[in-house]
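Written out below as structure tokens is the structure these notes cover.
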Amino acid sequence: MTEPRKSVLVVDDEPDVREYLSALLEDNGFDVATAEDGTNALDKVRARLPDLITLDITMPEKSGVRFYRDIREDEQLKHIPVIMVTGISTDFERFISSRKQVPPPEGYMSKPIDQQKILKMIEELIS
Amino acid sequence: MAKEENREPPYDQLFQAMPCYISIQNRDLRIIEANDKFKRDFGTLNGRHCFEVYKGRTEKCEVCPVEQSFADGLSHRSEERVRTRDGREVSVIVYSSPVKDQEGRVTSVMEVSTDVTEIKALEEKLRMSEQRYRLLFDRVPCYITVQDPELNVIEANQRFIEDFGRPETRKCYEVYKHRREECLHCPVQETLRDGGVHHSEEVVASLDGDRINTLVYTAPILDTEGNIDSVMEMSTNITPIRELQSQLESVGLLISSISHGIKGLLNGLDGGMYLVNTGLKKNNPERLSKGWEMVQRNVDRIRSQVMNILYYAKERVPQWERLNGGEIGAEVFKVLEAKAKELGVMLRYDAAEDAGAFDGDPQAIRAMLINLLENSLDACRVDSRKTVHRVTFEVTGTEDEIRFMVADNGIGMDRETRDKAASLFFTSKGAKGTGLGLFIANKITTAHGGRITVDSELDRGACFLVSIPRRRTIETLEKIGNKGGRND
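For the record, the sequence lines run as chains A and B.
Start counting the first sequence at 1; every next residue gets the next number (my numbering).
Start counting the second sequence at 1001; every next residue gets the next number (my numbering).
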């Protein structure tokens, strides 16, 4: 019996990033869903629990930081590992310094994305 | 009697020993008696006139205290400059006092002249010194004021008066900051409180309304008993330093912003290359085409970002021309028509018949319009909530202005984003933009004496309206500091 494919939710407002990560992860055996902002991502996570989330920080409507806080405060969702993917390190630093009540994300990946590094990180977190 | 003589020296002896010039003069102003000091410095008397002896004159002086004492029987005082027999100029204070007989008639006048040459020299030195300090006070290249304990400006130097007007005992906060209430933090108050030197940095406004950054130092002025009488405030204009600092901060922000922009572009290129490579390997033409489109688009973005960085970094001399609004709009539309098609955005262009002509730098106007249109196309590209995206580009005009409107139904902006839209390096696109595009569009519009208004709502789209005067005004020329020229 083959093991079911692990699922990843890619959250980023930039279509190029969604396209790129979807192709990369699908090619490496993952089921991929995408969302363009925090609100849409929360709907998708609640509809189907992913095994891992890659999360952009700066997005319109609901930012990655707010989405992250929401899932960390939700008993059903708080266990899902999150990899922050962002090009703005200051955003991440601000996020880290403001995370008084929430634990830090499981992984951090700066843009441009290193293909091998992100695949290894995902493997380690969900295999 | 002999005893008394021993106790008190004879009057004649006292008269001779007095350390001043004493003479007795008759009604003809002839000196009939004088003490030793007088004789030593002015020679023998021989019944000479006082004006001959003192001043070498042949006629009496215009104002003569001795003559006055003869006339009214009272004492008089005057200040004179006399010359000794060896030619030395001596300043004297002269007291004349009448000598009366038993019937009270003035028979002669005693004149006592005290040598005050040294005091006069000291006074002159003091005057020169005061003048020098006054000059220093006025000419020193900073603002100096003296405030009393009620914060009234009671003294101000010339530099202060030139930029802030005569204080006329107004409060310092009124003159410097045009406020009605005392400032929250006041170094003058601190000095009044503890007698120490205090400093702070303040932003003040001159008579002309110019903002001036100042570095302020305050020091106490003490009275003879050591109490604080008033406070001296010295303010140095550090506006050029602050401007330079702000420019350096901008350069720092530019570098950081460019780095973030490049990261986003590299990511897009990486993604495009990955799709091209795997599309070829998997023989998947759809993936190949998507990847290639991604590579092309990111190369385009690199091009436009480099242009913006160059535009920001280089001081351009505007090349003024009479431009046709409709024609320049059509040129820009043609440049972006293909890009809109690739992105699946319906780009519509419309120029009103009366759009007409205006004064502008064609290269700058094109850059401004391309930035606005690319911004709108990008706002549609990243919006996945709608299936149909539109960008409308219109050129219209009034009698005085040419108007360019760029409207889209992309992701839109909330209030905060809208307010910050034109500020330097602000981007709502995270790592995907440098934040230079709208800043440069705004900079170009302002340099043309125009303005950009933004109307937008999150998720509904945005509308940018650029209004530029048809004719260059004096204000525009002053703002640009240029009367036209060539670009190099």
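Quick reminder that beta carbons are idealized off the backbone N, C-alpha and C, glycines included.
Being a predicted model, the structure only gives us computed values, none of them experimental.
Original post:
If you measure beta-carbon to beta-carbon, which residues of the region 23 to 50 of chain A are closer than 7 Å to chain B?
Top reply: ALA23, LEU24, ASP27 and GLU36
Original post:
By DSSP, does LYS120(A) sit in helix, in strand, or in coil?
Top reply: helix
**OP:** Express the C-alpha separation of MET1307(B) and PRO1514(B) in angstroms, rounding to a whole number.
**Re:** This structure does not reach residue 1514(B), given that chain B is present from 1001 up to 1488, and the question cannot be answered.
Original post:
Who are the Cβ neighbours of ALA1422(B) in its own chain at under 7 Å, not counting the five residues just before and after it?
Top reply: With a pLDDT of only 49 at ALA1422(B), under 50, the local geometry of the prediction cannot be trusted, and no value is derived from it.
Original post:
Beta carbon of LEU1207(B), beta carbon of ASP1163(B): below 8 Å?
Top reply: yes
**OP:** Kindly list, in the order they appear in chain B, the residues whose Cβ is closer than 7 Å to that of ILE122(A).
**Re:** By Cβ distance, chain B contributes nothing, its closest Cβ being about 16 Å from ILE122(A), past 7 Å.
Original post:
So, using beta-carbon positions, are PHE1393(B) and PHE1333(B) closer together than 8 Å?
Top reply: yes
Subject >> Collapsed DSSP secondary structure at LEU1014(B) in the structure displayed >> reply: helix
Original post:
Going by beta carbon distance, what residues of the same chain come within less than 6 Å of ASP12(A), once the five residues before and after it are set aside?
Top reply: ARG18 and ASP56
**OP:** Decide yes or no for the touch test of the region 1334 to 1353 of chain B against the region 1361 to 1380 of chain B: beta carbon pairs closer than 8 Å, at least 3 of them.
**Re:** yes
**OP:** Show which residues of chain B have a CB atom less than 8 Å away from the CB atom of GLU19(A).
**Re:** GLY1271, LEU1275, LYS1290 and MET1294
Original post:
What are the residues that DSSP puts in a beta bridge with THR1453(B)?
Top reply: LEU1465(B)
Original post:
Does DSSP classify THR1427(B) as helix, strand or coil?
Top reply: Confidence at THR1427(B) is low in this model, with a pLDDT of 49, below 50, so its placement is unreliable and no value can be given for it.
Subject >> Cβ pair GLU106(A), ILE83(A) closer than 8 Å >> reply: yes
Original post:
Do you know offhand how far TRP1292(B)'s Cα is from ASP74(A)'s?
Top reply: 41 Å
Subject >> Buried or exposed by the 16-neighbour rule on C-beta atoms within 10 Å, applied to ILE118(A) >> reply: buried
Subject >> LEU1369(B) to GLY1329(B) span [Cα, whole Å] >> reply: 8 Å
Subject >> Alpha carbon of THR1058(B) to alpha carbon of VAL1231(B), nearest angstrom >> reply: 57 Å
**OP:** State the Cα-Cα distance for the pair LYS62(A) and LEU1254(B), rounded to the nearest angstrom.
**Re:** 27 Å
Subject >> Close Cβ partners of GLU1342(B) (< 7 Å) along its chain, the five nearest in sequence each way excluded >> reply: GLU1293
Subject >> Neighbour flag for GLU3(A) against chain B, beta carbons, 8 Å >> reply: no
Original post:
Can you find a CB in chain A that lies within less than 8 Å of the CB of LYS1263(B)?
Top reply: yes
Original post:
Roughly how many angstroms separate the alpha carbons of VAL1140(B) and ILE1212(B), rounded to a whole number?
Top reply: 17 Å
Original post:
Below 8 Å between beta carbons: does that hold for ARG1472(B) and GLY1449(B)?
Top reply: yes
Original post:
Using a Cβ cut-off of 8 Å, which residues of the region 109 to 121 of chain A contact any Cβ in chain B, in chain order?
Top reply: SER110, LYS111, PRO112, ILE113 and GLN115
Original post:
Using a beta-carbon distance below 8 Å, is SER1376(B) in contact with chain A?
Top reply: no
Original post:
What is the residue span of the alpha helix (DSSP H) that MET1128(B) lies within?
Top reply: 1117 to 1139
**OP:** Determine, using beta carbons only, whether VAL1082(B) and THR1117(B) come nearer to each other than 8 Å.
**Re:** no
Subject >> Where GLN1025(B) falls, given that 16 or more other Cβ within 10 Å makes a residue buried >> reply: buried
**OP:** Within its chain, find whatever has a CB closer than 6 Å to the CB of TYR1349(B); leave out the 5 residues flanking it on each side and keep chain order.
**Re:** PHE1333 and PHE1393
Original post:
Are the Cβ atoms of TYR1498(B) and VAL1204(B) separated by less than 8 Å?
Top reply: In the structure displayed, chain B extends from 1001 to 1488; residue 1498(B) sits before or after that span and is not available.
Original post:
Grouping DSSP H, G and I as helix and E and B as strand, with all else coil, what is ASN1487(B)?
Top reply: Below a pLDDT of 50, predicted positions are generally treated as unreliable, and ASN1487(B), at 33, falls in that range; no measurement from the model is reported.
Subject >> Within chain B, the residues that PRO15(A) reaches when beta carbons sit closer than 8 Å >> reply: ARG1381, VAL1382 and SER1384
**OP:** Assign GLN1189(B) to one of three DSSP states: helix, strand, or coil.
**Re:** helix
**OP:** Assign GLN1305(B) to buried or exposed, taking buried as 16 or more other Cβ atoms, counted over all protein chains shown, within 10 Å of its Cβ.
**Re:** buried
Subject >> Rounded C-alpha distance that separates ASP1531(B) from ASP1354(B) >> reply: For chain B, the structure presents residues 1001 to 1488; residue 1531(B) sits outside this window and is missing.
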